[in-house]
Amino acid sequence: MMSQLQRLHFLISHMQQEMDENEPVPESFDERFQMFRGLANRRPAKPLSREFLDVQDAFLGTYNSEGVTAVSDLTPVRDRLYLWQGDITTLKAGAIVNAANPDMLGCFIPNHDCIDNIIHTKAGAALRLECAELMERQGRKEAVGRAKITSAYNLPADHVIHTVGPYVQDGRVSRMKEDLLRRCYMSCLALADEKDVGSIAFCSISTGVFGFPKERAAEIAVDAVTDYLKDSGSRLEVIFNVFDDEDLKIYESHLA
Amino acid sequence: MRKVANYLWIEKNGEEYKLIMTPELQDDIGTVGFVEFTKEKSLKKDDSILELEGSKTVLDLTTPIAGEVVAVNEKAADTPELLNSADPDESWVVKLTGVDEAEFNALENA
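Protein chains in written order, with my numbering: chain L, -17 to 238; chain Z, 4 to 113.
Quick look at the structure:
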């Protein structure tokens, strides 16, 4: 059986060959993982060999099995509502929400520090292929405020729900952008119920590189989810996932 | 008589209701580069009327009122920038009939 280091070497070599590149493969695990991630991020949505997928899935399956949190381990802050600080790619939920862009193929910037990048990296290359198929069928870019569901592949979650949030320049939030952000939450929740996923974990949509002010975004998120659960009578469990302490404080104040 | 909802103006001319891009909407989407109009003839409230790709965002515009589609702005299908025009004769989206007048009257005045 291959070790994790050997698997990374295989995956890197395979992708370098595809892209006609020949950089030396570093020795350490961390550097090797960075190189693997960068190549996987740049790799277009092309078919994959069974062999590549087997090695990739063995690698990611092992890599992702560490530090997993299950929704059942969490304590609700309100009935069926949870606030959880951590890495969303380690959460075992029915669905996790990905803040995607209108191309909806995942982030192509090597090792970019965004949620779209890490979700696609840790789910594996098949996620981009499924997204490409959905987008080809649609025939045009994904509009802001809607939602699409895919498998989560090697992630501990069962599904990924992809939504494109509104993009805010210079902190100027129009009424329309507020409405669109609310629509993102509503679309994801409705799709989660339609597919009966049981639990859904939201990242703070639009607040990363899309520049939506965090305070207002959290308020919209909490209001949308609260309204949805009340109006629909849904039994969904909803997790607000935050990454840093600032976001945690903001959500704590809105959920209090 | 003009109302505003879903970032669109709704202009009533007799039995016909014209949905027009508002300046706020135009500002939020930037230069319109691609459009695809609905092919539905009969619309419910919040049904999609236009998928558009602007320089600032990709958007699915929805109708604030139910009605029957009598016309879509075909010229804008070939020349999407028309939707950036300040002239409602160029920047209209769809024309509806069979609209419930009470539903129209309940919308916010523009």
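Here a beta-carbon is modelled for each residue, glycine too, at the ideal position from N, C-alpha and C. Computed from a predicted model, the values in this text were never measured in an experiment.
### Query
Which residues of chain Z have a Cβ atom closer than 7 Å to the Cβ of L:V126, listed in chain order?
The contacting residues are T60, V61, L62.
### Query
Got a sec: which bits of the segment 26 to 51 of chain Z sit with their beta carbon under 8 Å from any beta carbon on chain L, in order along the chain?
Hits within the stretch, in order: E27, L28, D30, D31, F37, E39.
### Message
Using a Cβ-Cβ cutoff of less than 8 Å, which residues in the same chain neighbour L:N4 once the five nearest sequence positions on both sides are dropped?
### Response
Closer than 8 Å at Cβ, skipping near neighbours: Q(-2).
### Message
Counting only Cβ pairs nearer than 7 Å, list the residues of chain L close to Z:Y10.
### Response
Ordered by position in chain L, the residues that pass the 7 Å Cβ test against Z:Y10 are M158.
### Task
Check L:F41 in the structure and name its three-state DSSP category.
Three-state result, L:F41: helix.
### Task
Please name the residue in L:R(-11), L:A114, L:L173 whose C-alpha comes closest to that of L:G43.
The shortest C-alpha separation from L:G43 is found at L:R(-11).
### Message
Let me make sure I understand the geometry here. Which of L:P138, L:E176, L:S235 has the alpha-carbon closest to that of L:S216?
### Response
Ranking the options by Cα distance to L:S216, first place goes to L:E176.
### Message
Am I right that Z:T66 and Z:D92 are in contact with their C-beta atoms under 8 Å? What's the rounded C-beta distance?
### Response
Wrong, their Cβ atoms sit about 20 Å apart, outside the cutoff.
### Message
Please tell me whether L:R122 has its Cβ less than 8 Å away from any Cβ of chain Z.
### Response
At a cut-off of 8 Å between beta carbons, L:R122 contacts chain Z.
### Query
Would you call the segment 95 to 102 of chain Z and the segment 13 to 23 of chain Z in contact, with 3 or more CB pairs under 8 Å?
A contact exists between the segment 95 to 102 of chain Z and the segment 13 to 23 of chain Z.
### Whether L:Y135 touches L:A172 by CB criterion (8 Å)
In this structure, L:A172 does not lie closer than 8 Å to L:Y135 by Cβ.
### Query
Leaving out the 5 sequence neighbours to the left and right, which residues in its chain are closer than 6 Å to L:V224 when beta-carbon positions are compared?
Only Q67, L230, Y233 meet the Cβ criterion.
### Query
Just curious, the beta strand (DSSP E) that Z:M24 is in, first and last residue?
Element bounds for Z:M24: 19 to 24.
### Task
Would you check whether the ligand NAD has a heavy atom nearer than 7 Å to the C-beta of L:V50?
This structure does not include the ligand NAD; it has no bound ligands of any sort.
### Query
From L:R62, L:L35, L:I70, L:E160, pick the residue whose C-alpha is nearest to that of L:L237; which is it?
In terms of Cα proximity to L:L237, the closest of L:R62, L:L35, L:I70, L:E160 is L:R62.
#### Entry: chain Z contacts from the segment 203 to 221 of chain L (Cβ-Cβ distance under 9 Å)
From the segment 203 to 221 of chain L, no residue has a Cβ closer than 9 Å to chain Z.
### Query
L:H144 bridges to which residues according to DSSP?
DSSP lists L:N80, L:K130 as partners of L:H144.
### Task
Give the interface partners of L:Y149 over in chain Z, defined as CB-CB distance under 8 Å, in chain order.
Residues of chain Z passing the Cβ test: K59, T60.
### Beta-carbon proximity of L:I221 to L:S169, cut-off 8 Å
Result no, Cβ atoms of L:I221 and L:S169 do not sit closer than 8 Å.
### Query
What do you get for L:A174, buried or exposed, if any count of 16 or more other CB atoms within 10 angstroms of its CB means buried?
With 16 or more other Cβ atoms within 10 Å, it is buried.
### Query
Which residues mark the beginning and the end of the beta strand (DSSP E) in which Z:T65 is found?
Z:T65 -> beta strand (DSSP E) spans 61 to 65.
### Task
Can you check the segment 89 to 126 of chain L for any alpha helix (DSSP H) of at least 4 residues that lies completely inside it and give the ranges in chain order?
Listed in chain order, the complete alpha helix (DSSP H) runs (minimum 4 residues) inside the segment 89 to 126 of chain L are 97 to 105, 107 to 120.
### Task
With DSSP as the reference, label L:L73 as helix, strand or coil.
In this structure, L:L73 counts as strand in the three-state DSSP scheme.
#### Entry: Cross-chain neighbours of L:P84 in chain Z, by beta carbon under 7 Å
Correct list: V61.
### Query
Which same chain residues, not among the five before or five after L:M1, have their C-beta less than 8 Å away from its C-beta?
Excluding residues within five positions, the ones whose Cβ falls inside 8 Å are L21, R24, R25.
#### Entry: Contact under 8 Å by Cβ, L:K130 with L:D85
No, the pair does not count as a contact, with Cβ atoms beyond the cut-off.
### Message
Only counting the same chain, and skipping five residues up and downstream in sequence, which positions put a Cβ closer than 6 Å to that of L:F194?
### Response
Here the set comprises V150, S188.
### Message
Nearest by alpha-carbon distance to L:A52: which of L:G88, L:T145, L:I70 is it?
### Response
Nearest in C-alpha terms to L:A52, of all of L:G88, L:T145, L:I70, is L:I70.
### Task
Using a Cβ cut-off of 8 Å, pull out every chain L residue sitting near Z:E54, in sequence order please.
Result: R122, A125.
#### Entry: Simplified DSSP assignment, three categories, for L:K28
Residue state, collapsed to three classes: coil.
### Query
Can you tell me where the alpha helix (DSSP H) with L:T208 in it begins and where it stops?
Per DSSP, the unbroken alpha helix (DSSP H) holding L:T208 starts and ends at 196 to 214.
### Task
Please classify Z:D31: is it buried, with 16 or more other beta-carbons within 10 angstroms of its beta-carbon, or exposed?
So Z:D31 ends up on the buried side.
### Message
Taking DSSP's pairing of strands, which residues face Z:T100 in a bridge?
### Response
Note: Z:T100 sits in a beta bridge opposite Z:E71.
### Task
Tell me L:I182's beta-bridge partners as DSSP assigns them.
DSSP output for L:I182 lists L:A77, L:V220 as bridge partner(s).
#### Entry: Cβ-Cβ distance between L:V126 and Z:T60 below 8 Å
Closer than 8 Å, so yes.
### Task
Could you tell me how far apart the beta carbons of L:A107 and L:Q38 are, in whole angstroms, since I believe they sit closer than 8 Å?
A Cβ-Cβ separation of about 6 Å places L:A107 in contact with L:Q38 under the 8 Å criterion.
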